[in-house]
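Peer 1:
Number of protein chains: 2
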Amino acid sequence: MAPVLFLQVSPASGVPIYRQLQDQIRSQIAGGRLAPGEFLPSVRQLAQRLAVNPMTISKAYSLLERDGLVELIRGQGMRVNAPTPSANGKARRQVLLPLLQQVAATARQLSLSPEEVFALLEPLLKESKHD
Amino acid sequence: MAPVLFLQVSPASGVPIYRQLQDQIRSQIAGGRLAPGEFLPSVRQLAQRLAVNPMTISKAYSLLERDGLVELIRGQGMRVNAPTPSANGKARRQVLLPLLQQVAATARQLSLSPEEVFALLEPLLKESKHD
DNA sequence: CCATGTGTATTAGTGTAGTAATACACATGG
DNA sequence: CCATGTGTATTACTACACTAATACACATGG
């Protein structure tokens with residue numbers, strides 16, 4: 001059974017739909033809201049719910065499969081894999097990567113040194129720990 | 132007078148030419164190799180030297196002008212500006228802040244330690260410093 | 001005024017990423 | 001076997017980024 005996921009896409013956000021899906025599902029898996037053995041919603045189901053083309057869903061799924069987060073079971077769908085010890089941490093970092101790349105690009109654009117960026121980021125990271 | 136700059140573009144690098152130029156010139160200014168009051172090479176001059184279209188040079192120049200690093204003097208060319216207070220101060224960091232907050236929020240959601248985030252971000256920040 | 005020097009607005013060509021439409025291969029259950 | 005369920009290969013369409021060709025506006029010096 002495919003659980004109901006909190007998935008939402010903004011076609012006008014500039015971020016490709018398949019990538020939004022990829023990142024969100026990655027998050028859901030990393031956060032444990034999608035347990036190993038569970039199946040992702042079927043391509044057509046999700047396509048209808050989000051009003052996007054099935055092939056776009058399929059593309060997101062295929063990328064998740066390529067990354068080993070999910071496995072194709074013929075005739076059934078995409079099953080969430082048990083995380084490898086290292087894959088768990090790796091998967092979580094993958095989620096953050098796009099954001100960090102954007103940070104790096106922006107910092108560079110502004111000629112901000114790595115130290116300045118760290119100094120700015122550190123309090124934010126530690127601040128949000130106790131709530 | 133336009134000093135001779137060390138500018139080099141690789142059309143096949145995947146990075147747009149205008150952006151290569153923008154970044155390199157930005158570097159030259161930040162590094163002091165291009166002092167305030169000096170002029171950039173003329174669009175046509177540089178276009179011929181690098182074997183690219185003048186409009187591509189112009190695009191890079193215009194972006195630098197938009198960012199306030201350079202000023203258009205009619206009939207003469209692009210003159211390097213004196214660095215403005217905002218170019219060095221808090222203003223630049225304010226731009227980065229929303230992004231960093233998002234990073235912090237995501238990292239927290241994924242239970243990533245600050246150290247892990249730094250380890251991930253550092254190579255990205257330093258990677259783009261090649262000049 | 002004219003020749004020559006700036007940068008650029010406008011327009012068009014080109015490549016490619018993203019998306020979509022169609023048809024297919026395979027699996028399952030009746 | 002057939003109906004219905006998976007995902008996807010193939011193909012085409014579309015939008016946009018990048019680059020380029022042309023013609024223009026303005027400034028300067030003879």
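Line by line, the protein sequences are chains A and B. What the first sequence shows, in this note's numbering, is residues 1 to 131, in sequence order. What the second sequence shows, in this note's numbering, is residues 132 to 262, in sequence order. Glycine included, each C-beta is placed from N, C-alpha and C at the ideal position. Remember, it's a predicted structure, so these values are computed and weren't measured experimentally.
1. Excluding five sequence neighbours on each side, which residues of the same chain lie with their C-beta closer than 7 Å to the C-beta of S128(A)?
2. Could you compute how far the alpha carbon of A178(B) sits from the alpha carbon of V234(B)?
3. At a CB distance below 8 Å, what residues from the segment 115 to 127 of chain A approach chain B? Give them in sequence order.
4. Between L63(A) and P11(A), what straight-line distance do the alpha-carbon atoms span, to the nearest angstrom?
5. Does any C-beta atom of chain A lie closer than 8 Å to the C-beta of V234(B)?
6. Report the neighbours of V146(B) on chain A: residues whose CB is nearer than 9 Å to its CB, in chain order.
7. Are the C-beta atoms of S111(A) and some chain B residue less than 8 Å apart?
8. What does R92(A) touch in chain B if you count any residue whose Cβ is under 7 Å from its own?
9. The beta strand (DSSP E) that contains E202(B), what's its start and end?
10. Throw me the rounded Cβ distance for the L231(B) and L120(A) pair, which I believe falls under 8 Å.
11. Any beta-carbon of chain A closer than 8 Å to the one on V201(B)?
12. If the cut is a Cβ gap below 8 Å, which residues of chain A does L230(B) touch?
13. Can you name, in chain order, every residue of its own chain whose Cβ lies under 8 Å from the Cβ of N212(B), other than the five neighbours on each side?
14. Which partner residues of F39(A) appear in the DSSP bridge assignment?
15. Go ahead and pull the three-state DSSP assignment for V226(B).
16. For a contact meaning CB atoms closer than 8 Å, what does G32(A) contact in chain B?
17. In the DSSP assignment, the alpha helix (DSSP H) including Q139(B) goes from what residue to what residue?
18. Label I188(B) either buried or exposed according to how many other C-beta atoms from any shown protein chain fall within 10 Å of its C-beta, with 16 as the threshold for buried.
19. Exposed or buried, what is Q8(A) when buried is set at 16 or more other beta-carbons lying within 10 Å of its beta-carbon?
20. Name, please, each residue of chain A whose Cβ falls closer than 8 Å to the Cβ of V226(B).
21. Cα-Cα, which of S13(A), L21(A), I29(A) is closest to R79(A)?
22. Tell me the rounded alpha-carbon separation between P172(B) and A238(B).
Peer 2: Short version:
1. Sequence index remark: in the first sequence, residue 128(A) carries index 128 (1-based). Residue placement at S128(A) cannot be trusted, given a pLDDT of 48 that sits under 50; what the coordinates show is reported in the next sentence. There are no such residues.
2. On the second sequence, residue 178(B) is found 47 positions in, with the first residue counted as 1. On the second sequence, residue 234(B) is found 103 positions in, with the first residue counted as 1. Taken atom to atom, the span from the alpha-carbon of A178(B) to that of V234(B) is near 40 Å.
3. Against chain B - using a Cβ distance shorter than 8 Å - the residues of the segment 115 to 127 of chain A are E116, V117, F118, L120, L121, E122, L124, L125, K126, E127.
4. The residue you call residue 63(A) lines up with position 63 of the first sequence. The residue you call residue 11(A) lines up with position 11 of the first sequence. Distance from the CA atom of L63(A) to the CA atom of P11(A), rounded to whole angstroms, is 19 Å.
5. Indexing the second sequence from 1 puts residue 234(B) at position 103. With 8 Å as the cut-off, V234(B) counts as an interface residue toward chain A.
6. Within the second sequence, numbered from 1, the residue matching residue 146(B) stands at position 15. Near V146(B) there are no residues of chain A at all, since even the closest Cβ is about 12 Å away, more than 9 Å.
7. On the first sequence, residue 111(A) is found 111 positions in, with the first residue counted as 1. It does: the Cβ of S111(A) has a partner Cβ on chain B nearer than 8 Å.
8. Residue 92(A) sits at position 92 when you count from the first residue of the first sequence. By Cβ distance, chain B contributes L241, L243.
9. As a first step, residue 202(B) must be located in the second sequence, where it is residue number 71. Taken as a continuous stretch (DSSP letters only), the beta strand (DSSP E) holding E202(B) covers 201 to 204.
10. Stepping through the second sequence from its first residue, residue 231(B) is reached at position 100. Stepping through the first sequence from its first residue, residue 120(A) is reached at position 120. The pair is a contact, with the Cβ atoms about 6 Å apart (cut-off 8 Å).
11. Start at 1 with the first residue of the second sequence, and residue 201(B) comes out as number 70. For V201(B), no CB of chain A lies under 8 Å from its own CB, so it is not counted at the interface with that chain.
12. In the second sequence, counting from the first residue as 1, residue 230(B) sits at position 99. Residues of chain A passing the Cβ test: L99, Q102, V103, T106.
13. Along the second sequence, one-based indexing puts residue 212(B) at 81. The residues are P167, G199, L200, V201, E202.
14. Taking the first sequence and counting its residues from 1, the one referred to as residue 39(A) is at position 39. Per DSSP, R79(A).
15. As a working note, residue 226(B) is residue 95 in the second sequence. Note: V226(B) maps to helix in three-state DSSP.
16. Locating residue 32(A) in the first sequence gives position 32, counting from the first residue. Those within 8 Å of G32(A) in chain B number zero; the least Cβ separation is about 10 Å.
17. Working through the second sequence from its first residue, we reach residue 139(B) at position 8. Per DSSP, Q139(B) belongs to no alpha helix (DSSP H) and is neither H nor E.
18. The residue labelled residue 188(B) in the question sits at position 57 within the second sequence. I188(B) comes out buried.
19. Position 8 of the first sequence, counted from the first residue, corresponds to residue 8(A). With fewer than 16 Cβ atoms within 10 Å of its Cβ, Q8(A) is classed as exposed.
20. For the purposes of this step, residue 226(B) is taken as residue 95 along the second sequence, with counting starting at 1. By Cβ distance, chain A contributes T106, L110.
21. Mapped onto the first sequence, residue 79(A) falls at position 79. When only C-alpha atoms are compared, the closest one is I29(A).
22. Here the question's residue 172(B) lines up with position 41 in the second sequence. Here the question's residue 238(B) lines up with position 107 in the second sequence. Computed Cα separation, rounded: 45 Å.
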